[in-house]
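Chains as they are written, first to last, in the numbering used here: chain A, 25 to 165; chain B, 25 to 165. For reference, the structure discussed in these notes is given below.
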DNA sequence: TATGATTACGTGGATCGTAAGGATT
DNA sequence: AATCCTTACGATCCACGTAATCATA
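So, in C-alpha cells, the structure goes:
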C-alpha cells in the first residue's frame with residue numbers, strides 16, 4: 025500500500041460513488057468528469073491495496089473490505105474538517121486561553137457583567153484572572 | 025480553505041517538521057528535498073488557511089492554531105492507517121462473518137475442538153452456525 | 001559568519017477534459 | 001438497445017531535485 029499518495033479528496037470520491045451506486049451520478053454530484061472519477065477510484069484502490077467496489081453488478085456494491093474502510097473514512101473526514109475548524113477558531117481568538125490582570129477596586133462591581141458578556145461571546149476561551157495588587161507584592165523572604 | 029487539495033502526506037510532513045524543530049532535519053528524516061519540503065508546508069498552510077509554524081525564531085515553533093491542528097492530525101493519521109489495516113484483514117478473511125452449516129451427528133463430538141481452534145486463529149471472524157438438518161425442512165404451510 | 005529557510009528554474013510525470021470503445025441489464 | 005464503466009489521447013499544470021539567495025543567531 026502506497027500511503028504517501030493517499031488524498032482526502034479520494035475518500036470523498038469513494039463515498040460519493042457508494043452513495044449514488046454509480047460513477048455517472050457521483051461524478052455529476054462532485055462536478056468532475058466521469059472518466060476521471062473512474063481512474064481516480066482505480067488509483068485509490070491501487071494505493072490502498074484492495075478493491076473498494078464490485079464492478080460486476082449494477083448498481084455498484086462495496087466489497088467487504090470496502091465496507092470496512094469507507095465507514096471509517098467518513099468519520100476520518102469529519103474529524104479532519106473539525107480539526108481545521110477548531111484551529112481556525114484558535115487563529116481568530118475564539119478559542120484558547122486569555123490571561124487578564126484586574127484591579128480589585130472594580131472586581132466586585134462591574135466585573136461579573138463583563139465576564140458574563142465575554143463568556144457568551146467566546147464560550148471556548150478559557151479566562152484566567154489575576155488580581156493586579158497581588159502581582160506587585162514582593163516574594164516572601 | 026481548499027479542502028480538496030489536502031493530502032495525508034502533508035500532515036506527516038508538518039508533524040516531522042514540528043518534531044525536529046527545523047526543515048532541514050525533517051527533510052532528511054522524510055528522505056525528501058529541503059526546498060521541496062518548505063514549499064509543501066507553505067502549500068499546506070495555504071490550503072488550511074492559517075499558518076502552522078512561526079518562522080521568526082529557531083528552532084521553529086508551532087502557532088496556536090498549529091498546535092490545535094497538529095495534535096489532532098496525528099490521531100487522524102493513526103486512525104486512517106488502522107482503517108486500512110482492518111480493511112486488509114477483511115480482504116484476507118481474517119475478519120468478518122462466516123456462515124457454516126453443520127451435520128448434527130458430529131456437532132457434539134468434534135465440533136467444540138474445531139471451533140476452539142478456529143477462534144484462536146481468527147479471533148475477529150464471527151462464526152454463524154446452522155444445523156444442516158434444519159435447513160432441509162420444508163417451510164410450514 | 002554559519003546555519004538553515006526561501007526562491008528560481010527545468011524536466012518528467014500527473015491531472016483533467018473530450019471522445020471513443022466495452023460491459024451490463 | 002440503452003445505460004454507463006473503462007480506456008485512449010492530448011494540453012496544461014504540478015511535483016521534485018539542483019542550486020542560488022535571503023534571513024536568523
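Glycine included, C-beta positions come from ideal geometry on N, C-alpha and C.
* Less than 8 Å between the CB atoms is what I'm expecting for residue 45 of chain B and residue 84 of chain B, so what's the real figure, rounded? => Translated into the one-based positions of the second chain, residue 45 of chain B becomes position 21. Translated into the one-based positions of the second chain, residue 84 of chain B becomes position 60. At roughly 6 Å, the Cβ-Cβ gap stays under 8 Å, so residue 45 of chain B and residue 84 of chain B are in contact.
* Host alpha helix (DSSP H) of residue 96 of chain A (start-end) -> Along the first chain, one-based indexing puts residue 96 of chain A at 72. For residue 96 of chain A, the enclosing alpha helix (DSSP H) covers residues 88-115.
* **Endpoints, alpha helix (DSSP H) assigned at residue 68 of chain B** => On the second chain, position 44 is the one that residue 68 of chain B refers to. It spans 58-72 - the alpha helix (DSSP H) in which residue 68 of chain B sits, taken as one unbroken run.
* Would you say the segment 107-117 of chain B touches the segment 95-103 of chain A, given that touching needs at least three Cβ pairs under 8 Å? -> Taking 8 Å as the limit for Cβ pairs, the verdict is that the segment 95-103 of chain A does touch the segment 107-117 of chain B.
* **Same chain, Cβ closer than 8 Å to residue 61 of chain A, five either side skipped, listed in chain order** => Translated into the one-based positions of the first chain, residue 61 of chain A becomes position 37. For residue 61 of chain A, where only same-chain residues beyond five positions count, the Cβ hits under 8 Å are 37, 41, 47, 50, 51 and 54.
* Asked: Cβ atoms of residue 33 of chain B and residue 71 of chain B: under 7 Å apart, would you say?
  -> Translated into the one-based positions of the second chain, residue 71 of chain B becomes position 47. Translated into the one-based positions of the second chain, residue 33 of chain B becomes position 9. Against a cut-off of 7 Å, the Cβ pair of residue 33 of chain B and residue 71 of chain B comes out as no contact.
* **Opening and closing residue of the alpha helix (DSSP H) in which residue 35 of chain B lies** => Your numbering for residue 35 of chain B matches position 11 in the second chain. Residues 32-44.
* Taking only beta-carbon atoms, is residue 111 of chain A less than 7 Å away from chain B? -> Position 87 of the first chain, counted from the first residue, corresponds to residue 111 of chain A. With 7 Å as the cut-off, residue 111 of chain A counts as an interface residue toward chain B.
* With DSSP collapsed to three states, give me the class of residue 26 of chain A. => As a first step, residue 26 of chain A is located in the first chain; it is residue number 2 there, counting from the start. Looking at residue 26 of chain A - three-state DSSP - the assignment turns out to be coil, as it is neither helix nor strand.
* Asked: Can you tell me the Cα-Cα spacing of residue 160 of chain B and residue 92 of chain A, whole angstroms?
  -> Translated into the one-based positions of the second chain, residue 160 of chain B becomes position 136. Translated into the one-based positions of the first chain, residue 92 of chain A becomes position 68. Residue placement at residue 160 of chain B is flagged as unreliable, the pLDDT there being 43, under the threshold of 50; the coordinate-derived value follows with that caveat. Computed Cα separation, rounded: 33 Å.
* Asked: Closer than 7 Å, CB to CB, is residue 50 of chain B near chain A or not?
  -> Working through the second chain from its first residue, we reach residue 50 of chain B at position 26. No, because no Cβ of chain A sits closer than 7 Å to the Cβ of residue 50 of chain B.
* To do: Identify whether residue 137 of chain A lies in helix, strand or coil by the three-state DSSP scheme.
  => On the first chain, position 113 is the one that residue 137 of chain A refers to. In the structure shown, residue 137 of chain A sits in a helix (DSSP, three-state: H, G or I).
* To do: Check whether the Cβ atoms of residue 74 of chain B and residue 89 of chain B lie closer than 7 Å to each other.
  => Stepping through the second chain from its first residue, residue 74 of chain B is reached at position 50. Stepping through the second chain from its first residue, residue 89 of chain B is reached at position 65. Annotated as proximal: residue 74 of chain B and residue 89 of chain B, with beta-carbon spacing under 7 Å.
* To do: Tell me, please, which residues DSSP counts as bridged to residue 47 of chain B.
  => If you number the second chain from 1, residue 47 of chain B lands on position 23. Residue 47 of chain B is not bridged to any residue.
* Asked: If you draw a straight line from the alpha carbon of residue 104 of chain A to that of residue 103 of chain B, how long is it in whole angstroms?
  -> To locate residue 104 of chain A, count along the first chain from 1; it is residue 80. To locate residue 103 of chain B, count along the second chain from 1; it is residue 79. Computed Cα separation, rounded: 11 Å.
* By Cβ distance, which residues of its chain are closer than 7 Å to residue 30 of chain B, with the 5 residues on each side in sequence left out? -> Numbered from 1 along the second chain, position 6 holds the residue referred to as residue 30 of chain B. The residues 71, in chain order, have a CB closer than 7 Å to that of residue 30 of chain B in the same chain once the five nearest residues on each side in sequence are set aside.
* **Near-chain A residues of the segment 62-77 of chain B (beta-carbon distance less than 7 Å), N- to C-terminal order** => Taking 7 Å as the upper bound on Cβ-Cβ separation, chain A lies near residues 72, 73 and 74 of the segment 62-77 of chain B.
* Work out the CA separation of residue 134 of chain A and residue 162 of chain A for me, nearest whole Å. => As a first step, residue 162 of chain A must be located in the first chain, where it is residue number 138. As a first step, residue 134 of chain A must be located in the first chain, where it is residue number 110. Low confidence applies here, because residue 162 of chain A scores a pLDDT of 43, under 50, leaving its location unreliable; read the following figure in that light. Here the alpha carbon of residue 162 of chain A sits roughly 28 Å from the alpha carbon of residue 134 of chain A.
* Rounded separation between residue 66 of chain A and residue 43 of chain B - CA only -> Here the question's residue 66 of chain A lines up with position 42 in the first chain. Here the question's residue 43 of chain B lines up with position 19 in the second chain. Straight-line Cα distance between these residues: approximately 34 Å.
* DSSP puts residue 85 of chain A in a beta bridge; with which residues? -> As a first step, residue 85 of chain A must be located in the first chain, where it is residue number 61. Beta-bridge annotation (DSSP): residue 85 of chain A is paired with A:78.
* To do: Pull out every residue of the segment 79-97 of chain B whose Cβ sits closer than 7 Å to any Cβ of chain A, in chain order.
  => Cβ contacts with chain A: 88, 89, 92, 93, 96 and 97.
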